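Data first, discussion second: the structure below is written as structure tokens.
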Amino acid sequence: MQLYNSLSRTKEEFVPHEAGKVSMYTCGPTVYHFAHIGNLRTYIMEDILDRYLRYSGYEVTRVMNITDVGHLTSDADTGEDKMLKGAKREKKTVMEIAKFYTDCFFVDCKALNIRRPEVVEPATSCIDEFIRVIESLMEKGYAYEAGGNIYFDTSKLKQYYMFHNFEEEDLAVGVREGVEADGNKRNKADFVLWFTKSKFDDQELKWNSPWGVGYPGWHIECSCISMKHLGGHLDIHCGGIDNAFPHHTNEIAQSEAYLGHKWCNYWFHVLHLNTNSGKMSKSKGEFLTVSLLTEKGYDPMVYRFFCLQSHYRKSLVFSWENMENAKVAYQKLIARIAALKEDGEIDRAVFDAQKENFVKALDNDLNTSLAVTALYDVLKAKTNDATKLALLRDFDTVLCLNLLENAAKQNTESSAEAEKPVSDDPFIREIEAMIEARKEAKKAKNYAEADRIRAVLSEKGVTLIDTKDGTTYRIEGQA
Ligand code: AMP
Ligand code: ZN
Numbered sequence: 003m004q005l006y007n008s009l010s011r012t013k014e015e016f017v018p019h020e021a022g023k024v025s026m027y028t029c030g031p032t033v034y035h036f037a038h039i040g041n042l043r044t045y046i047m048e049d050i051l052d053r054y055l056r057y058s059g060y061e062v063t064r065v066m067n068i069t070d071v072g073h074l075t076s077d078a079d080t081g082e083d084k085m086l087k088g089a090k091r092e093k094k095t096v097m098e099i100a101k102f103y104t105d106c107f108f109v110d111c112k113a114l115n116i117r118r119p120e121v122v123e124p125a126t127s128c129i130d131e132f133i134r135v136i137e138s139l140m141e142k143g144y145a146y147e148a149g150g151n152i153y154f155d156t157s158k159l160k161q162y163y164m165f166h167n168f169e170e171e172d173l174a175v176g177v178r179e180g181v182e183a184d185g186n187k188r189n190k191a192d193f194v195l196w197f198t199k200s201k202f203d204d205q206e207l208k209w210n211s212p213w214g215v216g217y218p219g220w221h222i223e224c225s226c227i228s229m230k231h232l233g234g235h236l237d238i239h240c241g242g243i244d245n246a247f248p249h250h251t252n253e254i255a256q257s258e259a260y261l262g263h264k265w266c267n268y269w270f271h272v273l274h275l276n277t278n279s280g281k282m283s284k285s286k287g288e289f290l291t292v293s294l295l296t297e298k299g300y301d302p303m304v305y306r307f308f309c310l311q312s313h314y315r316k317s318l319v320f321s322w323e324n325m326e327n328a329k330v331a332y333q334k335l336i337a338r339i340a341a342l343k344e345d346g347e348i349d350r351a352v353f354d355a356q357k358e359n360f361v362k363a364l365d366n367d368l369n370t371s372l373a374v375t376a377l378y379d380v381l382k383a384k385t386n387d388a389t390k391l392a393l394l395r396d397f398d399t400v401l402c403l404n405l406l407e408n409a410a411k412q413n414t415e416s417s418a419e420a421e422k423p424v425s426d427d428p429f430i431r432e433i434e435a436m437i438e439a440r441k442e443a444k445k446a447k448n449y450a451e452a453d454r455i456r457a458v459l460s461e462k463g464v465t466l467i468d469t470k471d472g473t474t475y476r477i478e479g480q481a
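Using our numbering, you'd call the opening residue of the sequence shown number 3 and step up by one each time.
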């Protein structure tokens with residue numbers, strides 16, 4: 003498989019450290035709020051990589067951290083701990099919101115068919131590990147104490163900036179919002195390993211350390227959690243592109259200083275999901291979540307399909323119009339699959355040729371949009387339905403778009419629909435006809451008409467409820 007490596011800035015043949023086995027580390031969420039669908043784009047694309055490696059025969063072990071301490075509002079060690087900020091916002095404890103948003107994150111992942119990694123480890127459960135590694139970095143001369151904090155000394159490295167060129171990175175630090183010069187740092191790029199002297203006295207979670215009561219920096223957690231479970235040689239490290247600097251750059255610095263050798267061979271970075279007005283952010287207050295998509299009538303599979311239609315190394319723009327297009331395309335795809343019937347033996351020659359097409363797409367730096375095209379090629383292929391169904395079932399073990407499940411569901415629903423008795427009540431018949439008209443209006447993107455129908459029904463005491471399975475209603479005064 004050819005995989006783009008941010009470290010070499012080229013596509014490389016993927017060769018794991020140990021034949022047949024892959025160790026994979028993923029930066030997990032900072033659990034101070036819901037994940038937005040931008041965060042989830044990154045996790046969807048990492049999921050495809052994980053599943054494709056398994057499909058290709060590798061034994062994959064995947065580890066993810068949960069950031070529940072140390073990630074400050076600016077990635078460059080300034081500002082307040084995001085967790086504390088979230089806890090204050092909700093008038094809860096840090097641990098309460100960590101539990102709540104960790105659970106929400108995995109509910110969203112499940113809805114999007116994102117596999118849960120073998121190991122999921124919260125940062126707060128590894129404090130001893132962090133202290134041990136920081137102590138070793140101190141002994142080796144890579145870390146120093148200043149003003150109560152422990153800093154990593156970047157001047158001790160032959161090369162610090164691993165992903166981009168120096169000027170670019172320096173500029174990035176300079177323009178980051180809320181960055182203030184930290185007089186304790188010996189070098190501008192040095193970063194905090196352990197905080198004891200925070201300008202926020204109310205940091206809720208603190209631990210004893212050889213340097214006083216305090217808490218870990220964000221970067222050290224990923225190095226330590228990865229090394230704890232996956233050892234000193236990591237095959238693939240994943241994350242969103244914003245993590246390349248300073249987070250991943252710092253992870254490399256401290257892990258390699260600690261280990262004394264190269265740590266991770268492949269860096270997989272997913273580009274951002276943006277809106278027309280720019281970057282998506284959790285801290286801006288209102289943001290797009292999986293629940294919002296569902297509320298608006300979009301099956302989470304439509305979002306997964308939308309993400310797979312573009313390459314992970316291109317930024318992607320979200321708009322409701324794009325979502326609507328993805329929904330229509332997904333529904334058409336499902337309808338075509340629903341029309342297929344199990345009709346005999348699988349044609350092996352066709353199966354192998356089509357599969358080769360699919361593998362070729364994903365072997366080429368995980369080209370998911372070509373892998374989606376391979377689905378349409380199967381539907382167009384000159385072969386029987388049984389072969390097509392077998393291929394779609396096989397491809398969907400990687401794409402995980404619930405293709406066959408949703409096609410079967412559609413078949414069951416349409417036969418139930420055909421058998422549904424027409425109501426004797428003229429009011430119910432009127433409501434159902436108006437719901438149907440509203441559905442048609444939405445399909446034609448005539449949202450004004452759809453809203454008008456909703457308003458007319460509302461005046462008659464009928465409230466419409468949109469779900470991912472269609473529209474239902476409630477009549478005022480009835481249970
Ligand atoms: P966080 O919860 O902020 O630590 O971020 C979780 C993951 O989402 C990280 O891998 C980030 O790099 C990634 N991420 C953040 N914003 C976006 C975005 N707009 N699009 C895609 N990925 C993102
Ligand atoms: Zn990380």
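Glycine included, C-beta positions come from ideal geometry on N, C-alpha and C. As the structure is a computational prediction, the values presented were derived from the model and not from experiment.
Query raised in the report: What distance in whole Å lies between the Cβ atoms of ARG53 and ARG118, which are believed to be in contact at a cut-off of 8 Å?
Result: Contact doesn't hold; Cβ gap of about 12 Å is too wide.
Query raised in the report: For TYR332, which of helix, strand or coil comes out of DSSP?
Result: Of the three classes helix, strand and coil, the one that applies to TYR332 here is helix, per DSSP.
Requested in this report: Could you give the DSSP three-state label for ALA145: helix, strand or coil?
Outcome: strand
Report task. To the nearest angstrom, report how far apart GLY234 and ILE222 are at their CA atoms. Result -> 15 Å
Report task. Assign GLN4 to one of three DSSP states: helix, strand, or coil. Result -> strand
Query raised in the report: THR69 and ALA125: beta carbons closer than 7 Å?
Result: Yes, Cβ-Cβ distance for THR69 and ALA125 is below 7 Å.
**Report entry** LEU108 in three-state terms, based on DSSP
**Finding:** Before going further, note that residue 108 is Phe rather than Leu in the sequence given. In this structure, PHE108 counts as helix in the three-state DSSP scheme.
Query raised in the report: So who's on the other strand from GLU15, going by DSSP bridges?
Result: DSSP lists GLN4 as partners of GLU15.
**Report entry** Residues near ASP345 in its chain [Cβ-Cβ closer than 6 Å; skip 5 each side]
**Finding:** ASN386, ASP387, ALA388
Query raised in the report: Roughly how many angstroms separate the alpha carbons of ASP468 and LYS441, rounded to a whole number?
Result: 11 Å
Query raised in the report: Exposed or buried, which one is PRO428 when buried takes at least 16 other CB atoms within 10 Å?
Result: exposed
**Report entry** HIS271 in three-state terms, based on DSSP
**Finding:** strand
Requested in this report: Could you check which residue in ALA439, CYS29, ALA435 has the C-alpha nearest to that of CYS226?
Outcome: That would be CYS29, whose Cα lies nearest to the Cα of CYS226.
Query raised in the report: So, helix, strand or coil for ILE39, using DSSP?
Result: Correct three-state label for ILE39: helix.
Report task. Please classify TRP213: is it buried, with 16 or more other beta-carbons within 10 angstroms of its beta-carbon, or exposed? Result -> buried
Requested in this report: Round the Cβ separation of ASN67 and GLU123 to the nearest angstrom and send it over; I've been treating them as touching at under 8 Å.
Outcome: 6 Å
Query raised in the report: Where does ARG476 land, buried or exposed, given buried means 16+ other C-beta within 10 angstroms?
Result: exposed
Query raised in the report: What residues does the ligand AMP have around it, judged by CB closer than 5 Å to any heavy atom, in chain order?
Result: CYS29, PRO31, THR32, GLY40, ASN41, ARG43, THR44, GLY241, GLY242, ASP244, ASN245, HIS274, LEU275, MET282
Query raised in the report: Are ASP79 and VAL194 touching if we call contact CB-CB under 7 Å?
Result: yes
Query raised in the report: Which term fits VAL482, buried or exposed, when burial requires 16 or more other beta carbons within 10 angstroms of its beta carbon?
Result: Residue 482 is absent from the structure shown; the chain starts at 3 and stops at 481.
Query raised in the report: Is the stretch 367-387 touching the stretch 321-328, taking contact as three or more C-beta pairs under 8 Å?
Result: Touching, no, given that fewer than three Cβ pairs across the two stretches are closer than 8 Å.
Report task. Report whether the distance from the Cβ of CYS226 to the nearest heavy atom of the ligand ZN is below 6 Å. Result -> Relative to the ligand ZN, even the nearest heavy atom lies 6 Å or more away from the CB of CYS226.
Query raised in the report: Taking the C-alpha atoms as reference points, what is the distance between SER8 and GLU432?
Result: 59 Å
Query raised in the report: Is ILE129 closer than 7 Å to TRP209 when the C-beta atoms are compared?
Result: yes
Query raised in the report: Taking Cβ positions, are SER317 and HIS274 nearer each other than 7 Å?
Result: A contact, by the Cβ cut-off of 7 Å.
Report task. List the residues that DSSP assigns as beta-bridge partners of LEU86. Result -> For LEU86, which the question treats as bridged, DSSP gives no partner whatsoever.
Requested in this report: Taking only the alpha-carbon atoms, compute the straight-line gap between GLY262 and PRO31 and give it to the nearest angstrom.
Outcome: Distance between the alpha carbons of GLY262 and PRO31 is about 29 Å.
Report task. Have a look at MET303 and LYS112 and give me their C-alpha separation to the nearest angstrom. Result -> Answer to the nearest angstrom: the Cα atoms are 11 Å apart.
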